[in-house]
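Q: I'd like to ask you about the structure that follows.
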Amino acid sequence: MEGKGKLVLDAGVERAYEVLLDPSVLEKCIMGCKKLVLVEDNKYQAELSIGIAAIKGNYSSMIEILDLQEPNHYKLAVKGEGSPGTVEAVGVVDLTPDGESSTLLNYSYEAEVGGKVAMVGQRMLGGVAKMVIQDFFKKLGKELKRIEQSA
Numbered sequence: 001m002e003g004k005g006k007l008v009l010d011a012g013v014e015r016a017y018e019v020l021l022d023p024s025v026l027e028k029c030i031m032g033c034k035k036l037v038l039v040e041d042n043k044y045q046a047e048l049s050i051g052i053a054a055i056k057g058n059y060s061s062m063i064e065i066l067d068l069q070e071p072n073h074y075k076l077a078v079k080g081e082g083s084p085g086t087v088e089a090v091g092v093v094d095l096t097p098d099g100e101s102s103t104l105l106n107y108s109y110e111a112e113v114g115g116k117v118a119m120v121g122q123r124m125l126g127g128v129a130k131m132v133i134q135d136f137f138k139k140l141g142k143e144l145k146r147i148e149q150s151a
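The following block contains the structure:
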């Protein structure tokens, strides 16, 4: 499955990029994230608990940040497995200035699933993936706004 989207963030490109790569922010914004631990440069071990339809379960995941082109671009690779099945996904994030103090964030992703979760059907999985990604960016926008207001 694949998808894409965009949103405007209330911060300049450099600040938005910095916050997008902050592990404490990521941990707050990733749906069901119970733990996010740095295991080496730009690579994290994550424990996720997701409770959506047939996707319900705990997942042990590796999240790696690749192709860093500060402050405008990076890739995020995720490999996870749990009792419901497996997931492998790659997301691309591109940031461009949108006025003096805002940033246009464009993202795209491709994901493959296996195991029991793959039996749910691509249509349902596509909807769940879209919801999880939209939830992440909604939380990220709120967190960025909170950080900017306290600065």
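Residues in the sequence shown are numbered consecutively from 1, following full-length UniProt numbering. Beta carbons are placed, not taken as given, at the ideal position from N, Cα and C, and that holds for glycine.
With Glu88 as the anchor, note down where its beta strand (DSSP E) starts and where it stops.
A: Numbered from 1 along the sequence shown, position 88 holds the residue referred to as residue 88. It spans Gly85 to Pro97 - the beta strand (DSSP E) in which Glu88 sits, taken as one unbroken run.
Q: Out of Ile50, Pro84, Thr103 and Lys138, which has the shortest C-alpha to C-alpha gap to Gly115?
A: Here residue 115 refers to the residue found at position 115 when the sequence shown is read from its first residue. Nearest option by C-alpha distance: Pro84.
Q: Keeping to the same chain, check which residues put their C-beta closer than 7 Å to that of residue 204; ignore five residues upstream and five downstream.
A: Residue numbering for the chain in the displayed model covers 1 to 151; residue 204 lies beyond these limits and cannot be assessed.
Q: Determine, using beta carbons only, whether Gly12 and Ser101 come nearer to each other than 7 Å.
A: Position 12 of the sequence shown holds residue 12. Position 101 of the sequence shown holds residue 101. In contact: Gly12 and Ser101 (Cβ atoms closer than 7 Å).
Q: Taking 6 Å as the limit between beta carbons, can you name the residues of its chain near Thr96, skipping five residues before and five after?
A: Within the sequence shown, the letter at position 96 stands for residue 96. So the qualifying residues of the chain are Leu104.
Q: Mapping the DSSP letters down to three states, classify Glu2 as helix, strand or coil.
A: If you number the sequence shown from 1, residue 2 lands on position 2. Here Glu2 sits in strand by DSSP.
Q: Indicate whether Cys29 and Leu140 have their beta-carbon atoms separated by less than 7 Å.
A: Here residue 29 corresponds to residue number 29 of the sequence shown, with the count starting at 1. Here residue 140 corresponds to residue number 140 of the sequence shown, with the count starting at 1. Contact: yes.
Q: Going straight from the alpha carbon of Asn42 to that of Pro23, what length do you get?
A: What you label residue 42 is simply residue 42 of the sequence shown in a count that begins at 1. What you label residue 23 is simply residue 23 of the sequence shown in a count that begins at 1. Rounded to whole angstroms, Asn42 to Pro23 spans 10 Å at the Cα level.
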